[in-house]
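Novice:
Following this line, the structure appears as structure tokens:
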């Protein structure tokens, strides 16, 4: 019987530990601002999609978080976010620490099964001292099927 490190519960534990070390090392120090932007954009929008508003709010200025959370909670009472797609990520200049990200959300009102899409332009700024990206603003740039009586402009 061959007892390699890859077999059994011990092997799984070792593999899990190695994976954890790789993931942890990928998220530290040596990342470029571009890599950090990719992580921030993915984490923010994924958190928003799944309703983890606290995690999403971490990417906002501290003084904006409370009001943003109130508005977002109200919105989530009436809308189901179904999916999102990061359509475009652009740095405003080659050496710029400012970026614009276009994200398209698929969503539906909780009172309907009609799936609608809205494209949002997000503005991100790299905080050099803190070595992280912060969401400065976002605005609706396109809606495929307009709502009749309800607006979510600037809410996603």
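In our numbering, the protein residues as written are 1 to 156. Glycine included, every Cβ here is placed at the ideal spot set by N, Cα and C. The structure displayed is predicted, hence computed values, not measured ones.
Give, in chain order, every unbroken run of the beta strand (DSSP E) that is at least 3 residues long and sits entirely within the segment 120–148.
Specialist: With a minimum length of 3 residues, the continuous beta strand (DSSP E) runs that stay inside the segment 120–148 are 132–143.
Novice: I'd like to check one pair, residue 107 with residue 93: are the Cβ atoms closer than 8 Å?
Specialist: No, Cβ-Cβ distance for residue 93 and residue 107 is not below 8 Å.
Novice: Can you tell me whether DSSP reads residue 113 as helix, strand or coil?
Specialist: Of the three classes helix, strand and coil, the one that applies to residue 113 here is coil, per DSSP.
Novice: Taking 8 Å as the limit between beta carbons, can you name the residues of its chain near residue 87, skipping five residues before and five after?
Specialist: Excluding sequence neighbours, residue 87 sits near 102, 103, 104 and 119.
Novice: Helix, strand or coil for residue 106, going by three-state DSSP, please let me know.
Specialist: Here residue 106 sits in strand by DSSP.
Novice: Pull up the CB-CB distance for residue 84 and residue 113, whole angstroms please, since I reckon it's below 8 Å.
Specialist: Not confirmed; about 19 Å, so no contact.
Novice: Quick check on the DSSP output: the beta strand (DSSP E) that includes residue 80 runs from which residue to which?
Specialist: Taken as a continuous stretch (DSSP letters only), the beta strand (DSSP E) holding residue 80 covers 79–91.
Novice: Would you decide whether residue 133 is buried or exposed? Buried here means 16 or more other CB atoms lie within 10 Å of its CB.
Specialist: The residue in question, residue 133, is buried, as its Cβ has 16 or more Cβ neighbours within 10 Å.
Novice: Take residue 96 and list the residues in its own chain whose beta-carbon comes closer than 8 Å to its own, dropping the five residues that flank it on each side.
Specialist: Correct list: empty, nothing qualifies.
Novice: Count the other CB atoms within 10 Å of the CB of residue 6; is the residue buried (16 or more) or exposed (fewer)?
Specialist: With a pLDDT of only 44 at residue 6, under 50, the local geometry of the prediction cannot be trusted, and no value is derived from it.
Novice: Short of 8 Å in beta carbon distance, which residues of its chain neighbour residue 76, apart from the five on each side in sequence? Order them along the chain.
Specialist: Cβ within range, chain order: 51 and 53.
Novice: Just to check my reading of the structure: residue 57 and residue 68 have Cβ atoms closer than 8 Å, yes? What is that Cβ distance to the nearest angstrom?
Specialist: Right, the Cβ-Cβ distance comes to about 6 Å (below 8 Å), so this counts as a contact.
Novice: Would DSSP call residue 31 helix, strand or coil?
Specialist: Looking at residue 31 - three-state DSSP - the assignment turns out to be coil, as it is neither helix nor strand.
Novice: Using CA atoms only, rank isn't needed, just tell me which of 40, 127 and 110 is closest to residue 81.
Specialist: Comparing Cα positions, the closest option is 110.
Novice: Bridge partners for residue 118 per DSSP, in chain order?
Specialist: DSSP, once it has assigned bridges, lists 105 and 143 as partnering residue 118.
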